[in-house]
Amino acid sequence: MAVKEQNATGQSRDTETAGGLDFDAVIVGAGFAGLYMLHRLRSAGLKTQVFEAGDGVGGTWYWNLYPGARCDVPSMEYSYQFDPELQQEWEWTERYASQGEILKYLEHVADRYNLRPDIKFNTRVGAARYDDLSNSWIVETENGDNVKSRFFIMATGCLSVPYTPNIEGLNDFEGVVCHTGNWPKEGIDAVGKRVGVIGTGSSGIQVAPMLAEDAEHMFVFQRTPAYSVPSQNRPLDAEEQNTIKARYEEFRAEAKRNRAGIMYELGQKSALDCDKEELKREYEIRWEIGGLGFTAAFKDIFDDVDANNTAAEFVREKIRSIVRNPAVAEALTPHTLIGCKRLCVSAGYFETFNRSNVTLVDLRKEAIERITKTGIVVGGKEIPLDVIVLATGFDAITGALLRVRIHGKGGIELKQKWADGPKTYLGHSIAGFPNMFAITGPGSPSVLSNLVPSIEQDVNWIGDCIDYMNLHGHQVIEATSEAEAGWVAHVNKVANKTIYPLEDSWYVGTNIPGKPRVFLPYIGFPDYVGRCTEVADRGYTGYSLT
Ligand code: NAP
């Protein structure tokens with residue numbers, strides 16, 4: 008079949024795909040992962056098609072348009088590094104980039120590398136099936152596309168399936184209802200309105216302070232109080248940016264040596280070896296710096312419950328000192344482990360509760376009973392509302408992979424294979440699903456790392472693997488069941504050395520009713536990179552290649 012292929016400079020030439028295939032590779036999703044995967048495969052001469060449900064690129068940053076949406080990884084790090092020219096030419100304006108700025112960046116990337124012609128927008132993939140006879144994938148979209156491809160790559164993101172709780176009467180509400188993860192492009196007018204925000208995770212704590220500025224009154228419906236540290240966001244001046252750019256490669260390499268692949272200074276002492284003054288001094292410094300580095304103050308915050316409690320207690324004290332009403336402060340104070348459920352990074356979240364137009368509704372005292380046409384009923388009383396914002400999170404990490412009906416070798420369904428929890432080899436490969444990859448899938452560092460370098464790691468690994476297959480005349484690669492079982496055991500062993508799995512959260516799937524409780528990400532970016540590199544260097548151990 009004659010097709011158009013583009014080289015790295017964006018020029019097209021005719022090329023052929025072998026064996027009656029429509030594409031060499033189909034990629035699902037045009038966020039950070041899908042865009043770079045497309046660029047990488049196309050540069051290697053593969054005829055590649057991306058299917059994207061939205062009408063533009065950006066993934067997470069396309070859908071999460073709620074006011075206050077901002078990344079919690081510094082912008083100088085939350086960006087691609089595959090092209091030194093790109094990273095030198097792009098100018099970030101703030102320490103932590105807003106949703107709008109990240110979306111502009113990704114649109115720039117799509118244009119700079121001429122990616123759009125190979126992305127089909129407004130097209131959701133519904134099903135994919137491995138055809139044992141032709142060793143290829145048949146991919147079906149909800150628009151009726153039915154294409155055959157050698158490789159099938161899920162670049163669907165870790166937090167892309169919004170979770171809407173099953174609250175009685177939600178559909179009866181006659182005002183505006185929207186989820187932070189699916190915010191309307193035209194925005195929501197909260198001026199002079201009575202607004203209810205359900206949920207106090209990272210999305211809720213970002214959106215609430217913004218809506219409070221416009222709303223006549225805002226009610227925050229809180230089930231579990233959240234730890235939040237200030238972002239200390241500020242404009243990035245040219246000098247600061249240029250200092251990093253002058254040694255960008257070194258700076259990136261340094262960040263990748265940290266467990267999360269993010270630049271922070273990990274304290275070398277145990278919190279348990281410090282007296283109260285020393286703890287307070289160090290936490291105060293970290294609080295002033297702002298951001299996720301707060302929980303890197305001491306080396307054992309994620310290894311020891313007592314060490315963790317020193318950091319948690321510092322934040323509890325901060326809440327009590329910020330929130331003027333002691334009863335509200337107490338209701339906002341978490342008593343869980345800090346950081347084992349994603350630490351929130353915010354601007355003025357706790358301060359919002361000092362406003363006269365903001366009320367905290369503590370659902371631990373009385374749960375939401377139901378939603379009516381005009382409001383939310385708690386404790387037998389209706390709170391009248393015009394707008395309900397669902398900041399209720401996502402079916403994380405596995406949600407987007409299982410939303411597509413994927414059938415592997417012999418017709419086995421991924422949903423069935425993962426009924427007791429996901430099983431992968433290296434986070435991106437699945438026994439029984441040949442020539443399929445899931446970028447930043449379960450069992451990879453993903454959400455416990457800086458996602459952009461994690462994505463680049465997976466994309467480069469997959470790209471190198473395909474190059475290797477083509478060079479050595481292999482048609483099919485598949486993880487072995489033994490290698491997969493070994494990886495799952497290793498992921499659990501690493502997690503169980505820490506205190507992360509002790510807390511309920513989306514990291515372990517407990518936010519979704521009925522989801523198996525499994526610790527989903529792999530802890531340790533550098534170790535992950537080392538293991539993936541070793542597998543490749545040894546000729547793809549743990550895989551069968553035919
Ligand atoms: P989340 O952390 O899962 O928080 C969901 C919130 O909704 C929780 O407070 C949860 O309460 C509440 N909730 C769920 N069902 C409820 C119900 N039926 N009734 C009352 N409350 C209910 O979700 P998220 O805030 O969207 O954040 C998810 C992740 O996305 C973050 O952890 C982060 O990794 C990422 N994110 C990052 C940023 C950033 O970079 N700054 C911003 C937004 C999101 P319970 O805790 O009691 O279940």
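Count along the sequence shown from 1, then add 7; that gives the number in the numbering used here.
Using N, Cα and C, we set each Cβ at its ideal position, and we do this for glycine too.
Let me confirm a value: Q275 is counted as buried when at least 16 other C-beta atoms fall within 10 Å, else exposed. Which label applies?
On the sequence shown, position 268 is the one that residue 275 refers to. With a 10 Å radius around the Cβ and a threshold of 16 neighbouring Cβ atoms, Q275 comes out exposed.
Taking only heavy atoms of the ligand NAP into account, decide whether any of them is closer than 7 angstroms to the Cβ of V352.
On the sequence shown, residue 352 is found 345 positions in, with the first residue counted as 1. Within the cutoff, so yes.
Could you spell out where the beta strand (DSSP E) holding A486 opens and where it closes?
In the sequence shown, residue 486 corresponds to position 479, counting from 1. Here the beta strand (DSSP E) through A486 covers 484-486.
Selected residue, minimal CA-CA separation from S512, among S353, A233, G151, T171
The count along the sequence shown starts at 1 and reaches residue 512 at position 505. The shortest Cα separation from S512 among S353, A233, G151, T171 belongs to A233.
Integer Cβ distance of G38 from G66, believed to fall under 8 angstroms:
Looking up residue 38 in the sequence shown gives position 31. Looking up residue 66 in the sequence shown gives position 59. With 8 angstroms as the limit, G38 and G66 qualify as a contact, their Cβ atoms being about 2 angstroms apart.
Residues in its own chain within less than 7 angstroms of N364 by CB, not counting five upstream and five downstream?
If you number the sequence shown from 1, residue 364 lands on position 357. The answer, listed in chain order, is A219, A222, E223, H224, M225.
Any heavy atom of the ligand NAP closer than 7 angstroms to the beta-carbon of T317?
As a position in the sequence shown, residue 317 is number 310, starting the count at 1. It does not: the Cβ of T317 is nowhere closer than 7 angstroms to a heavy atom of the ligand NAP.
Check whether the segment 156-174 and the segment 26-41 touch, using three or more Cβ-Cβ pairs below 8 angstroms as the test.
The answer is yes - the segment 26-41 touches the segment 156-174, with three or more Cβ pairs under 8 angstroms.
Going by Cα to Cα distance, which pick from V236, L408, N503 is closest to V168?
Reading the sequence shown from its first residue, position 161 is the one you call residue 168. Nearest C-alpha to V168: L408.
In angstroms, rounded to a whole number, what distance separates the CA positions of W45 and N477?
As a position in the sequence shown, residue 45 is number 38, starting the count at 1. As a position in the sequence shown, residue 477 is number 470, starting the count at 1. The sequence as given places Leu at residue 45; Trp does not occur at that position. Rounded to whole angstroms, L45 to N477 spans 17 angstroms at the Cα level.
Within 8 angstroms, do at least three Cβ pairs link the segment 370-377 to the segment 168-187?
Verdict: yes, contact present.
For the pair the segment 510-525 and the segment 460-471, tell me if three or more CB-CB distances fall below 8 angstroms.
The segment 510-525, when compared against the segment 460-471, does not touch it at the 8 angstroms Cβ threshold.
Return the first residue and the last residue of the alpha helix (DSSP H) that M83 is part of.
Along the sequence shown, one-based indexing puts residue 83 at 76. M83: not part of any alpha helix (DSSP H); DSSP gives it neither H nor E.
Alpha carbon of I404 to alpha carbon of R410, nearest angstrom:
Taking the first residue of the sequence shown as position 1, residue 404 is located at position 397. Taking the first residue of the sequence shown as position 1, residue 410 is located at position 403. If you take the alpha carbons of I404 and R410, they lie about 11 angstroms apart.
Strictly by DSSP, which residues pair up with A134?
Along the sequence shown, one-based indexing puts residue 134 at 127. Bridge partners of A134: E147, R412.
Contained alpha helix (DSSP H) runs [length at least 4] in the segment 273-342, N- to C-terminal order
Qualifying alpha helix (DSSP H) stretches, in chain order: 283-296, 312-329, 333-339.
What does DSSP give as the partner residue(s) for V352 in the beta ladder?
The sequence position of residue 352 within the sequence shown is 345, counting from 1. When beta bridges are read from the DSSP output, V352 appears opposite V236.
Assigned secondary structure, K424 (DSSP; H/G/I helix, E/B strand, else coil):
For the purposes of this step, residue 424 is taken as residue 417 along the sequence shown, with counting starting at 1. Helix.
Does the beta-carbon of Q56 have 16 or more other beta-carbons within 10 angstroms, so that it is buried, or is it exposed?
The residue you call residue 56 lines up with position 49 of the sequence shown. Q56 is buried by the Cβ-count criterion.
I need the straight-line Cα distance from A354 to L48, nearest angstrom please.
As a first step, residue 354 must be located in the sequence shown, where it is residue number 347. As a first step, residue 48 must be located in the sequence shown, where it is residue number 41. Cα to Cα, A354 sits roughly 40 angstroms from L48.
Closer than 7 angstroms: is that where the CB of G400 sits relative to any heavy atom of the ligand NAP?
Against the sequence shown, residue 400 aligns to sequence position 393. Answer for G400: yes, Cβ within range of the ligand NAP.
In whole angstroms, what is the alpha-carbon distance linking G493 and L433?
Residue 493 sits at position 486 when you count from the first residue of the sequence shown. Residue 433 sits at position 426 when you count from the first residue of the sequence shown. Approximately 10 angstroms between the Cα atoms of the pair.
According to the neighbour-count rule (16 or more other Cβ atoms, all chains shown, within 10 Å of its Cβ), is N442 buried or exposed?
For the purposes of this step, residue 442 is identified with residue 435 of the sequence shown, where counting begins at 1. Burial call: buried.
Go ahead and label K11 buried or exposed: buried means 16 or more other beta carbons lie within 10 angstroms of its beta carbon, across all protein chains shown.
Counted from its first residue, the sequence shown places residue 11 at position 4. The predicted position of K11 is uncertain, since its pLDDT is 42 and thus under 50; no value can be drawn from it.
Excluding sequence positions up to five away, which residues of its chain have a Cβ less than 6 angstroms from the Cβ of N14?
Translated into positions along the sequence shown, residue 14 becomes position 7. Its pLDDT being 41, under 50, N14 is placed unreliably in this model, and the value from its coordinates should be taken loosely. Apart from sequence neighbours up to five positions away, no residue of its chain approaches N14 with a beta-carbon distance below 6 angstroms.
Let me confirm a value: K263 is counted as buried when at least 16 other C-beta atoms fall within 10 Å, else exposed. Which label applies?
The count along the sequence shown starts at 1 and reaches residue 263 at position 256. Buried, by the Cβ-count rule.
Per-residue DSSP class, three states only, for A117:
Counted from its first residue, the sequence shown places residue 117 at position 110. Three-state DSSP puts A117 in a helix.
CB-CB under 6 angstroms to P556, same chain, minus the five flanking residues each way: which ones, in chain order?
Beyond the ends of the chain as shown, which are 8 and 553, falls residue 556; an answer cannot be given.
Are the CB atoms of D401 and L166 nearer to each other than 8 angstroms?
What you label residue 401 is simply residue 394 of the sequence shown in a count that begins at 1. What you label residue 166 is simply residue 159 of the sequence shown in a count that begins at 1. According to the sequence as given, residue 401 is Phe; it is not Asp. Yes, they are a contact pair.
Around the C-beta of R254, are 16 or more other C-beta atoms found within 10 angstroms, so that it is buried, or is it exposed?
By 1-based counting over the sequence shown, the position of residue 254 is 247. Looking at its Cβ environment, which holds fewer than 16 other Cβ atoms inside 10 Å, R254 is exposed.
Near I308, what residues of its chain come up, given a Cβ to Cβ distance below 6 angstroms and the 5 sequence neighbours on each side ignored?
To locate residue 308, count along the sequence shown from 1; it is residue 301. Excluding positions up to five away in sequence, the list reads T302, A314, N315, A318.
Do G297 and N457 have their CB atoms nearer than 8 angstroms?
Numbered from 1 along the sequence shown, position 290 holds the residue referred to as residue 297. Numbered from 1 along the sequence shown, position 450 holds the residue referred to as residue 457. In this structure, the beta-carbon distance from G297 to N457 does not fall below 8 angstroms.
Tell me the residue span of the alpha helix (DSSP H) that contains I251.
Taking the sequence shown and counting its residues from 1, the one referred to as residue 251 is at position 244. First-last of the alpha helix (DSSP H) with I251: 245-253.
Only counting the same chain, and skipping five residues up and downstream in sequence, which positions put a Cβ closer than 6 angstroms to that of E485?
Within the sequence shown, numbered from 1, the residue matching residue 485 stands at position 478. Excluding its 5 nearest sequence neighbours in each direction, E485 has C-beta neighbours in its own chain below 6 angstroms: P441, S551, listed in chain order.
Does DSSP classify A407 as helix, strand or coil?
Against the sequence shown, residue 407 aligns to sequence position 400. In the three-state reduction of the DSSP assignment, A407 falls in the helix class, which pools H, G and I.
State the CB to CB distance for the pair Y73 and T187, rounded to an integer number of angstroms; the pair is presumed to be in contact (CB under 8 angstroms).
Position 66 of the sequence shown holds residue 73. Position 180 of the sequence shown holds residue 187. Contact flag correct, Cβ pair sits at about 4 angstroms.
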